[in-house]
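A.B. asks:
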Amino acid sequence: MGHGASCGRPSEEVDFFGAAQSGDLARLSAAVSSRPSLLRRTTLFDRLSALHIAAAHGHLQVVSMALDLCVEPDAVNRHKQTALMLAAMHGRTECVRRLLDAGANILMFDSSHGRTCLHYAAYYGHSDCLRAILTAARTAPVSQSWLALLLRAAIARRKRAAAAAR
């Protein structure tokens with residue numbers, strides 16, 4: 002997974018994103034201690050945060066550290082993908098669970114395919130991630146939101162069908 006972190010970036014940032022990719026918690030902690038603003042930085046091209054990178058690579062401790070330091074769990078990259086989507090795409094079940102525990106929104110859609118984290122888990126065949134997401138979906142606020150989305154979609158389909166029949 003190329004992150005486009007090196008071109009035109011200070012070596013401190015390149016090292017920071019490299020530490021997120023390799024799961025080097027000590028290097029990340031040291032970097033954040035000396036420069037907390039690094040947690041808000043993203044890679045140049047794909048706009049990946051350290052949270053995105055760590056979640057995609059399955060580095061649970063790094064994901065937890067970022068979330069504990071108040072990194073937004075629903076931050077998006079240039080394709081409007083969240084860390085939860087990337088963790089689900091790559092089958093990183095523990096990262097999926099940690100992001101869900103932090104309140105990550107399972108109803109967000111990306112811009113490239115219109116997929117949610119559930120779509121990615123299913124598409125790539127990660128059944129443990131699917132189970133974790135579906136378990137989270139049983140909570141009242143999320144299930145009510147999904148019901149509302151389904152009802153709106155059904156109403157819109159009926160309106161389109163009625164308009165086409167005229």
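Quick note: the sequence shown uses the working numbering, first residue 2, plus one each step.
All C-beta atoms in this analysis are idealised placements derived from N, C-alpha and C, irrespective of residue type, glycine included.
Which value, in whole angstroms, describes the spacing of the CA atoms of L29 and L45?
C.D. replies: Using only the alpha carbons, I get a separation of about 19 Å.
A.B. asks: What do you reckon, are the CB atoms on Q22 and H53 nearer than 8 Å?
C.D. replies: In this structure, H53 does not lie closer than 8 Å to Q22 by Cβ.
A.B. asks: Restricting to Cα atoms, I'd like to know which of L100, T136, A133, M86 is closest to R116.
C.D. replies: When only C-alpha atoms are compared, the closest one is M86.
A.B. asks: What do you reckon, are the CB atoms on C118 and L61 nearer than 8 Å?
C.D. replies: The answer is no: Cβ separation not under 8 Å.
A.B. asks: Buried or exposed, going by whether 16 or more other CB atoms sit within 10 Å of the CB of L152?
C.D. replies: It is exposed - the Cβ of L152 has fewer than 16 other Cβ atoms within 10 Å.
A.B. asks: Spatial neighbours of H80 within its chain, please: C-beta separation below 6 Å, excluding the five flanking residues on both sides.
C.D. replies: Closer than 6 Å at Cβ, skipping near neighbours: D111, S112, S113.
A.B. asks: Is the CB-CB distance between N78 and L100 below 8 Å?
C.D. replies: Result no, Cβ atoms of N78 and L100 do not sit closer than 8 Å.
A.B. asks: In whole angstroms, what is the alpha-carbon distance linking A27 and T94?
C.D. replies: Between A27 and T94, the C-alpha separation is close to 23 Å.
A.B. asks: Taking the alpha helix (DSSP H) that H120 falls in, what are its first and last residues?
C.D. replies: Per DSSP, H120 belongs to the alpha helix (DSSP H) from 118–124.
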